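Participant: Read in order, the letters of the sequence shown are residues 8 to 424 in our numbering. Before we start, here is the structure in question, set down as structure tokens.
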Amino acid sequence: MQNIQEIRQAFPILGRTVYNKPLVYLDNGATTQKPQCVIDAITEEYVNVNANVHRGVHYLSQEATRLYEEARMTVRDFIHARSTSEIIFTRGTTESINLVAASFGEAFLNEGDEVIVTEMEHHSNIVPWQLLRSRKGIVLKVCPITDEGRLDLAALEQLFSPRTRLVACAHVSNVLGTVNPVKPIIEMAHAHDVPVLIDGAQSVPHLAVDVQALDCDFYAFSGHKVYGPTGIGVLYGKEKWLEQMPPYMGGGEMIGKVSFEHTTFNDLPYKFEAGTPDYVAAHGLAVALDFVSSIGFEAIEAHEQDITHYALTRLREIPGMRIFGHPQQVSTPLLDREGQGGESSVISFLVGNIHHLDLGTLLDRLGIAVRTGHHCAEPLMHRLGIEGTVRASFALYNTKEEVDALVAGIDRVRQMF
Ligand code: PMP
8 MQNIQEIRQA FPILGRTVYN KPLVYLDNGA TTQKPQCVID AITEEYVNVN ANVHRGVHYL
68 SQEATRLYEE ARMTVRDFIH ARSTSEIIFT RGTTESINLV AASFGEAFLN EGDEVIVTEM
128 EHHSNIVPWQ LLRSRKGIVL KVCPITDEGR LDLAALEQLF SPRTRLVACA HVSNVLGTVN
188 PVKPIIEMAH AHDVPVLIDG AQSVPHLAVD VQALDCDFYA FSGHKVYGPT GIGVLYGKEK
248 WLEQMPPYMG GGEMIGKVSF EHTTFNDLPY KFEAGTPDYV AAHGLAVALD FVSSIGFEAI
308 EAHEQDITHY ALTRLREIPG MRIFGHPQQV STPLLDREGQ GGESSVISFL VGNIHHLDLG
368 TLLDRLGIAV RTGHHCAEPL MHRLGIEGTV RASFALYNTK EEVDALVAGI DRVRQMF
């Protein structure tokens, strides 16, 4: 990896202080900070280009359209999709999954049909399926996890039935850091003729994703978690499914011809992009993905693996430390290798009897930003028998000194209790 200080300097916010202390930002699972190049790209587009896309013969509109469509190509290349027809811009992972639940659900799911999710899903990969259950009477089945925080693949195999229509599964858990073996899961599902949606919110920033090699049917992720702007995300879908799925929302852009009697729909991917998209954010996302590519996943994975390994070692020295996921016998956290699973840079923990909210609040006063609570994964909290955790989640710009600050902070809080 390039010099870490050089990388940090690309992120202006990392230089600020909070409560007169240097900011230690360890909440990257929630959202990542933005490099100057992304901030500049957004400003530059508003200063020099701004016009609505796809609608104008005039210069600015064509320029904005070009940037928007080039962003789609950047996303296609970044996740190794076959075609830009398969890249739909959404507001984020949540909207991408809701789109599939609504539209795939409309086309392919009927009363009694089954969708399999897992016990470690984020609410955004649970609730859309429950909404569909209320509308259509589908059945939600849940793949359990082991005590080590891994998916129980033998149990998953047992959940398939002739009524199974979809598996919806996180690539990386936002609580446990577990990287699920999505490739074998997809192979298992396809052997039952069942398509698979992968929630890639926590994977795309950390490991190279190749949707064609994985052979997933849908893949969802958010721009803001991969150093891009808020309000933009992606749904990848295989053309064979997207072609058969009805529009999610109606409006401008997604139509072919409109009359009061009959309306036809636009081609892919526009059929799923009703209304004015956030074309500025799409361009910002492309600049963020180019930034990530310029560093390269080999370097990012090595750095994050090093930080995570160091953090696990140091955190485990703290008396009363309870880490969820990251089984102890795995001495080096292994990042995903071609969809076979591993561990990512998310660490959830509790210390003694200290409430997660107290620990998070006191760490904050030391300038350390961590996440506390259920992390939008209440069913997983129930499984673990807890109400919440403190979560430190590392990105490509975090340092071992920041891990040291976290450990020293936890020690200080421990002494107060
Ligand atoms: N899935 C996972 C695993 C996540 O971590 C998150 C964000 N915490 C989401 C989905 C939802 O992402 P967004 O809020 O950007 O739509």
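Backbone N, C-alpha and C define an ideal beta-carbon position, used for all residues, glycine too. No experiment lies behind these values; they were computed from the predicted model shown.
So, does the segment 263-270 touch the segment 235-251, judging by three or more C-beta pairs under 8 Å?
Facilitator: No: the two stretches stay apart, fewer than three of their Cβ pairs being nearer than 8 Å.
Participant: So, for Val25: in the same chain, excluding its five sequence neighbours on each side, which residues have a beta-carbon less than 6 Å away from its beta-carbon?
Facilitator: The residues are Gly374.
Participant: Using alpha carbons as the reference points, say which of Leu163, Gly207 and Phe298 lies closest to Glu194.
Facilitator: The shortest C-alpha separation from Glu194 is found at Leu163.
Participant: Measure the C-alpha to C-alpha separation of Gln165 and Gly346 and round it to an integer number of angstroms.
Facilitator: Approximately 21 Å between the Cα atoms of the pair.
Participant: Residue ranges of each beta strand (DSSP E) run of no fewer than 3 residues wholly in the segment 357-388, ordered along the chain?
Facilitator: Within the segment 357-388, the complete beta strand (DSSP E) runs of at least 3 residues are 378-380.
Participant: Once DSSP output is grouped into helix, strand and coil, what is the label at Glu118?
Facilitator: In the structure shown, Glu118 sits in coil (DSSP, three-state: anything other than H, G, I, E or B).
Participant: Would the segment 99-106 and the segment 116-136 be scored as touching if the rule is three or more Cβ pairs under 8 Å?
Facilitator: Flag = yes, the segment 99-106 and the segment 116-136 touch.
Participant: Would you mind listing the beta strand (DSSP E) stretches within the segment 66-111 that are 3+ residues and don't spill past its ends, in chain order?
Facilitator: Entirely contained in the segment 66-111, the beta strand (DSSP E) runs reaching 3 residues are, in chain order, 94-97.
Participant: Go through its chain and collect everything with a Cβ distance to Thr38's Cβ below 7 Å, but skip five positions before and after it.
Facilitator: Once the five neighbours on either side are set aside, the close Cβ partners of Thr38 are His231 and Lys232.
Participant: Would you identify the three-state DSSP class for Val60, choosing helix, strand or coil?
Facilitator: Looking at Val60 - three-state DSSP - the assignment turns out to be coil, as it is neither helix nor strand.
Participant: CB of His290 to nearest heavy atom of the ligand PMP: below 6 Å?
Facilitator: Outside the cutoff, so no.
Participant: Could you check which residue in Leu158, Glu76, Val134 and Arg172 has the C-alpha nearest to that of Asn117?
Facilitator: It is Arg172.
Participant: Does the distance from the C-beta atom of Val189 to that of His178 stay below 7 Å?
Facilitator: Yes; because the gap between Cβ atoms is below 7 Å, this pair is in contact.
Participant: Is the Cβ-Cβ distance between Gly36 and Asn187 less than 7 Å?
Facilitator: In this structure, Asn187 does not lie closer than 7 Å to Gly36 by Cβ.
Participant: When the Cα atoms are used, what is the spatial distance from Gly395 to Gly380?
Facilitator: Straight-line Cα distance between these residues: approximately 4 Å.
Participant: Quick one, which of Ile239, Leu204, Arg142 and Phe228 has its alpha-carbon nearest Asp222's?
Facilitator: That would be Leu204, whose Cα lies nearest to the Cα of Asp222.
Participant: Which residue from Arg170, Glu155, Tyr32 and Asp159 puts its Cα closest to that of Val146?
Facilitator: With distances taken between Cα atoms, Val146 lies closest to Arg170.
Participant: In the DSSP assignment, find the unbroken alpha helix (DSSP H) run with Phe304 in it and report its ends.
Facilitator: Per DSSP, Phe304 belongs to the alpha helix (DSSP H) from Phe304 to Arg323.
Participant: Where DSSP assigns a beta bridge to Tyr26, which residues make up the other side?
Facilitator: Paired residue(s): none; Tyr26 is not in a bridge.
Participant: Express the C-alpha separation of Arg329 and Met423 in angstroms, rounding to a whole number.
Facilitator: Near 19 Å, if we compare the C-alpha coordinates of Arg329 and Met423.
Participant: Figure out for me which residue from His290, Phe356 and His269 has the closest Cα to the Cα of Leu391.
Facilitator: Here the closest residue by C-alpha is Phe356.
Participant: Do Ala78 and the ligand PMP come close, with the Cβ less than 6 Å from some heavy atom?
Facilitator: No, the Cβ of Ala78 stays beyond 6 Å of every heavy atom of the ligand PMP.
Participant: In angstroms, rounded to a whole number, what distance separates the CA positions of Thr125 and Ile152?
Facilitator: Distance between the alpha carbons of Thr125 and Ile152 is about 8 Å.
Participant: Could you give the first and the last residue of the continuous alpha helix (DSSP H) run that contains Leu426?
Facilitator: The structure shown does not extend to residue 426, since the chain is modelled only from 8 to 424, so the question has no answer here.
Participant: For a test of the three-state rule: what should DSSP assign to Asp411, helix, strand or coil?
Facilitator: Asp411 falls in the helix class under three-state DSSP.
Participant: Give the single residue among Ala108, Leu403, Met256 and Ala402 whose Cα lies nearest to the Cα of Leu139.
Facilitator: Measuring from the Cα of Leu139, the nearest candidate turns out to be Ala108.
Participant: Let me check you understand the geometry: is the CB of Thr101 closer than 6 Å to at least one non-hydrogen atom of the ligand PMP?
Facilitator: Thr101 Cβ: within cutoff of the ligand PMP.
Participant: Using the Cα positions of Pro236 and Lys28, report the straight-line distance between them to the nearest angstrom.
Facilitator: So the alpha carbons of these two residues sit roughly 26 Å apart.
Participant: Going by other Cβ atoms of all chains shown within 10 Å of its Cβ, with 16 needed for buried, is Gln312 buried or exposed?
Facilitator: Buried, because 16 or more other Cβ atoms sit within 10 Å of the Cβ of Gln312.
Participant: Buried or exposed for Val218, going by 16 or more other Cβ atoms inside 10 Å?
Facilitator: Buried is the call here.
Participant: Could you tell me whether any non-hydrogen atom of the ligand PMP is closer than 6 Å to the CB of His129?
Facilitator: His129 Cβ: within cutoff of the ligand PMP.
Participant: Closer than 6 Å to a non-hydrogen atom of the ligand PMP - does that hold for the CB of Asp285?
Facilitator: No, the ligand PMP has no heavy atom inside 6 Å of this Cβ.
Participant: Looking at Tyr75: is its Cβ nearer than 7 Å to the Cβ of Tyr255?
Facilitator: It is not a contact, given that the beta carbons lie outside the stated cut-off.
Participant: Under the three-state reduction of DSSP, which class applies to Ser131: helix, strand or coil?
Facilitator: Note: Ser131 maps to helix in three-state DSSP.
Participant: I think Phe401 touches Val182, with their Cβ atoms under 8 Å apart; what is that distance to the nearest whole Å?
Facilitator: In fact, because the Cβ distance is near 15 Å, the residues do not count as touching under 8 Å.
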